[in-house]
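**Student:** One structure, pasted below without further comment.
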Amino acid sequence: MTNLVDLAWTDLQDIRPMLVVPCGSTEQHGPHLPLSTDTDIAIALCEGLAASRPGVVVAPPLAYGSSGEHAGFPGTLSIGQQALELVVIELVRSAAEAFDAVVLVSGHGGNAATLTRVVRQLSDEGHQVHLHFPRWEGDAHAGRTETALMLALRPEAVRLDVAEVGDTRPLAELLPALRASGVHGVSANGVLGDPREATA
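Residue numbers (our numbering): 3 to 202.
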């Protein structure tokens with residue numbers, strides 16, 4: 003695996019590798035998971051790709067995303083859709099000088115609409131840019147699924163002793179209320195699911 007921050011510019015002058023960019027968020031994930039959960043998952047996916055395939059370089063993560071739906075929980079830091087869009091567009095345009103292609107790997111669902119627009123615009127400009135969102139079965143946020151992933155990736159960061167059940171309704175049923183009042187409006191602890199039985 004090659005991390006971009008460990009290279010000198012001369013390491014890149016005669017090659018054109020693929021750049022993978024972990025796109026995450028800094029937002030609440032209940033009382034038991036770190037604010038970095040989405041970013042940690044995106045980093046792990048990028049590092050896994052780089053470890054399994056030559057010619058892949060992992061960029062430093064974008065640890066801030068569009069997380070307005072998590073307002074009301076201390077520690078959540080959102081830059082909103084417009085700022086995220088501008089940052090990623092300029093980042094990919096800049097990367098085009100040295101990299102054959104850019105893959106954006108997002109661990110945060112709230113980035114989806116923005117990054118989809120970004121990829122469309124950059125593709126229209128002629129850039130080789132792709133977007134990947136991991137998909138899994140399970141609850142929506144900070145429940146069993148994300149807790150299990152974090153137990154596998156960073157067990158020392160998970161506080162299972164304070165894990166609590168949140169709103170366990172399916173995401174499709176929750177969406178109208180989430181759009182109207184954010185996560186805080188449907189779950190006082192920020193959990194959408196039940197993390198208590200999670201294992202690595």
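Heads up, the beta-carbon is just placed ideally off N, CA and C, and yes, glycines get one too.
For a cutoff of 9 Å on Cβ pairs, would you count Ala65 as touching chain C?
**Tutor:** No chain C appears in the structure shown, which is made up of a single protein chain.
**Student:** Bridge partners of Val23, per DSSP?
**Tutor:** Leu106
**Student:** In three-state DSSP terms, what is Leu9?
**Tutor:** coil
**Student:** So, under 8 Å CB-CB, Ala142 and Leu194 are touching, yes? Tell me the CB distance rounded to an integer number of Å.
**Tutor:** 4 Å
**Student:** If you reduce the DSSP assignment to three classes, tell me which class Thr2 lands in.
**Tutor:** Residue 2 falls outside the range modelled here, since the chain spans only 3 to 202, and no answer is possible.
**Student:** Would you mind reading off the limits of the alpha helix (DSSP H) that contains Gly121?
**Tutor:** A small fix is needed here, since residue 121 is Val in this sequence, not Gly. Where Val121 is concerned, the enclosing alpha helix (DSSP H) starts and stops at 114-126.
**Student:** With a threshold of 16 other CB atoms inside 10 Å of the CB of Gln209, please say whether the residue is buried or exposed.
**Tutor:** The structure shown does not extend to residue 209, since the chain spans only 3 to 202, so no value can be given for it.
**Student:** Taking 7 Å as the limit between beta carbons, can you name the residues of its chain near Ala97, skipping five residues before and five after?
**Tutor:** Close CB contacts of Ala97 within its chain, under the 7 Å cut and outside five residues either way in sequence, are with Leu21, Val104 (chain order).
**Student:** Is the beta carbon of Thr116 sitting closer than 9 Å to the one on Ser80?
**Tutor:** no
**Student:** With a Cβ-Cβ cutoff of 9 Å, do Pro62 and Cys25 count as a contact?
**Tutor:** With respect to Cys25, Pro62 sits apart: the two C-beta atoms are not nearer than 9 Å.
**Student:** Are the beta-carbon atoms of Val160 and Met152 separated by less than 9 Å?
**Tutor:** yes
**Student:** May I ask you to list the residues that DSSP assigns as paired with Thr4?
**Tutor:** Val59
**Student:** Counting Cβ pairs closer than 8 Å, one from the region 165-179 and one from the region 48-55, do we hit at least three?
**Tutor:** Short answer: they don't touch.
**Student:** Taking only three categories from DSSP, how would you classify Leu37?
**Tutor:** coil
**Student:** Could you check whether Gly32 and Ala144 sit closer than 9 Å to each other, using their CB atoms as the reference points?
**Tutor:** yes
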